[in-house]
Structure formats: structure tokens, C-alpha cells
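Numbers 1 to 230, taken from my numbering, label the letters of the sequence shown in order.
C-beta atoms are modelled at their ideal positions from N, C-alpha and C, and glycine is treated no differently.
Since the structure is predicted, the reported quantities are computational estimates derived from the model, not experimental observations.
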Amino acid sequence: MSLTKVPPTTRGRDLNHVAWLYDPLIEKLSFGREQRFRAKTMTLLELKPTDRVLDVGCGTGTLTLMIADAIPGQKEIIGIDAAPKMIAIARKKAAIAESAAQFRVGIAEKLDFADNFFDITVNSMFTHHIDRELKQCFFREAWRTLKPGGRLITADIDRPTTLLAGAAGWLGRYLLLQPELEDNLRGQLPALMSSAGFVDIQRLAHLHGLISFFRARKPLGGQAGNAPCG
1 MSLTKVPPTT RGRDLNHVAW LYDPLIEKLS FGREQRFRAK TMTLLELKPT DRVLDVGCGT
61 GTLTLMIADA IPGQKEIIGI DAAPKMIAIA RKKAAIAESA AQFRVGIAEK LDFADNFFDI
121 TVNSMFTHHI DRELKQCFFR EAWRTLKPGG RLITADIDRP TTLLAGAAGW LGRYLLLQPE
181 LEDNLRGQLP ALMSSAGFVD IQRLAHLHGL ISFFRARKPL GGQAGNAPCG
């Protein structure tokens with residue numbers, strides 16, 4: 001008798017219900033600026049041919065596929081998302097592109113990977129969808145699964161730097177009933193990364209008055225895994 005592994009279920013929100021229109025929706029909502037955003041993220045990754053990379057909250061896999069294309073021959077380029085329909089679309093895109101990128105249903109608060117496995121973990125417009133407890137769990141899990149010296153790259157909503165961006169951010173928080181945005185809008189991401197054990201936390205760039213790009217590092221002496229969440 002064969003047993004089918006049941007996909008993990010997140011305690012937070014996922015975007016399974018909008019997977020079918022996610023790509024065109026993002027293009028419209030970004031006013032055509034998505035490519036600039038993705039290109040900036042790719043630059044900050046500073047990929048090397050041997051890097052193992054995990055993309056958390058990968059959605060339909062656009063960034064993961066770009067990473068795999070940038071370092072051909074590397075088989076450990078993995079995107080995870082809690083939404084099975086997102087992963088199904090990502091796998092179709094990978095098949096069409098004949099990409100080596102792998103896609104799995106997975107949850108940020110319990111990464112199904114060994115300690116000290118990845119060189120880079122990236123998350124793009126992900127943390128504002130999850131509450132503080134899950135943010136803390138994710139950063140701890142990212143720390144655990146990164147190699148000593150490994151890097152965490154986070155691109156997400158941050159403390160607004162213009163009145164227009166601030167109005168958009170806080171209206172989104174209240175009109176969309178999304179309290180998960182608050183820690184981002186209050187600029188709390190660096191503190192949450194630090195509490196998980198990351199060091200050398202830097203804000204490398206800022207776009208549109210609302211989105212920041214952060215780099216953080218797991219210290220070279222950071223061998224032991226963090227205690228699991230939940």
C-alpha cells in the first residue's frame with residue numbers, strides 16, 4: 001500500500017483563491033514596474049554558480065525561474081508556497097521553460113529542509129501576508145536552514161518614506177483588513193531578523209517610497225538550528 005504525503009497547511013493566509021489571475025494582476029497593480037523590481041532583486045542576490053537557493057512564498061515561480069536561469073546546472077533552486085494552485089502554475093511554467101527549478105508546496109513556519117543547507121534564502125513581497133508570530137517563525141527557520149555565512153534577502157513593504165506611500169500603505173492595512181501589514185509599515189523587519197539570530201542586517205535599496213530590500217547574514221559560527229516553531 002502506498003501512502004500519499006499530505007501537503008502542509010499554513011496557519012497564515014495563502015493566495016490559492018487568486019492563483020489563476022495572479023500574474024496578470026501583479027502586472028496591473030505594479031503599473032508595469034514588476035520587471036524593475038525583479039531585476040533589482042536579482043542584482044542583490046549576487047548569485048554564484050554553486051549557490052543553493054530557496055525562494056519562500058514563490059507564488060507562480062517568476063523569480064525562482066529567473067534564479068535558475070542565471071545559474072544553469074545548479075539543481076538546488078527551490079521555490080515553495082503554501083498555495084497548491086500557485087505551485088501547479090509554477091511547475092507548468094518550469095516545464096515550458098525546460099527549467100531545472102523545483103517547486104514544492106511548503107510553509108514558511110516549518111521549512112522541510114535540513115539545517116545549514118542553503119546558501120541564499122530569498123523572499124519577495126511575502127512577509128506582509130503573515131502575522132508577527134509567523135514572521136518570527138519564518139526568520140528562525142530561514143536562519144536554521146541557511147549555511148553559516150548564508151544570506152537572507154528580503155524585498156517587502158517597509159516604513160513609508162513619502163506621504164503618498166504612507167497613505168497607500170495604511171489605507172491598505174485598514175481597508176483590506178490586513179493587520180499583518182503593521183509590522184512592515186512600522187519598520188519592524190530588521191528587528192525581527194535580528195531576534196532570529198541574523199547579523200549584518202542592511203537596507204540595501206528602497207523603491208516607490210514603500211518597498212525595501214534587506215540583506216542579512218547567518219553568522220559563521222551559527223551551526224545549531226533554532227528551536228522549531230509551534
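Could you give the distance in angstroms between the alpha-carbon of residue i and the alpha-carbon of residue j?
i, j, result
"A94", "A101", "7 Å"
"M71", "L185", "With the sequence shown as reference, residue 71 is identified as Ile, and Met is not the correct amino acid for it. If I take the Cα positions, the gap works out to 34 Å."
"M42", "Y174", "32 Å"
"R36", "L207", "10 Å"
"K40", "S212", "11 Å"
"L47", "F214", "16 Å"
"F198", "E133", "17 Å"
"I201", "N123", "15 Å"
"D112", "P190", "24 Å"
"W170", "L176", "10 Å"
"R91", "D119", "23 Å"
"I67", "C58", "12 Å"
"N16", "I107", "13 Å"
"G187", "H128", "11 Å"
"I77", "Q178", "31 Å"
"A167", "P8", "36 Å"
"K136", "G73", "Residue identity differs from the one stated: residue 136 is Gln in this sequence, not Lys. Their backbone Cα atoms lie some 33 Å apart in a straight line."
Would you say residue i touches the ligand MN, meaning its beta carbon is less than 7 Å from a heavy atom?
i, result
"A114", "This structure simply doesn't include the ligand MN, nor any ligand for that matter."
Who are the near neighbours of residue i in its chain, counting only those whose CB is closer than 7 Å to its CB and skipping five residues on each side?
i, result
"M125", "A155, D156"
"E182", "R173"
"E180", "H128, H129, I130, D131"
I need the boundaries of the alpha helix (DSSP H) containing residue i, first residue and last residue.
i, result
"P190", "189-195"
"D112", "Looking at the DSSP string, D112 is not in any alpha helix (DSSP H), and its letter there is neither H nor E."
"L45", "34-45"
"R11", "Taken as a continuous stretch (DSSP letters only), R11 belongs to no alpha helix (DSSP H), as it is neither H nor E."
"R286", "Beyond the ends of the chain as shown, which are 1 and 230, falls residue 286; an answer cannot be given."
For the beta strand (DSSP E) holding residue i, just list the boundary residues, first then last.
i, result
"T121", "118-124"
"D81", "77-81"
"P148", "146-157"
"A205", "199-207"
"I211", "211-217"
"R52", "Neither: R52 is in no beta strand (DSSP E) and is coded neither H nor E."
With distance defined between alpha-carbon atoms, name the residue in the options nearest to residue i.
i, options, result
"G209", "F198, T161, R38", "T161"
"V56", "A97, A165, I80", "I80"
"V53", "L164, A196, T9, R151", "R151"
"R13", "S194, A196, E141, D131", "D131"
"F138", "D158, A82, T62, D51", "A82"
"E109", "S99, D115, A97, R140", "R140"
"F103", "D115, T10, P84, A114", "P84"
"A205", "A165, R217, I153, K218", "I153"
If I measure Cβ to Cβ from residue i and keep anything under 8 Å in the same chain, skipping five residues before and after, which residues do I get?
i, result
"L220", "P148, G149"
Give me, in chain order, the residues of the same chain whose beta-carbon lies closer than 6 Å to that of residue i; leave out the 5 immediate sequence neighbours on both sides.
i, result
"P49", "I71"
"F117", "T145"
"T64", "D55, C58, G79, A101"
"T60", "Y22, D23, M86, I89, A90"
"A196", "F139, R140, W143"
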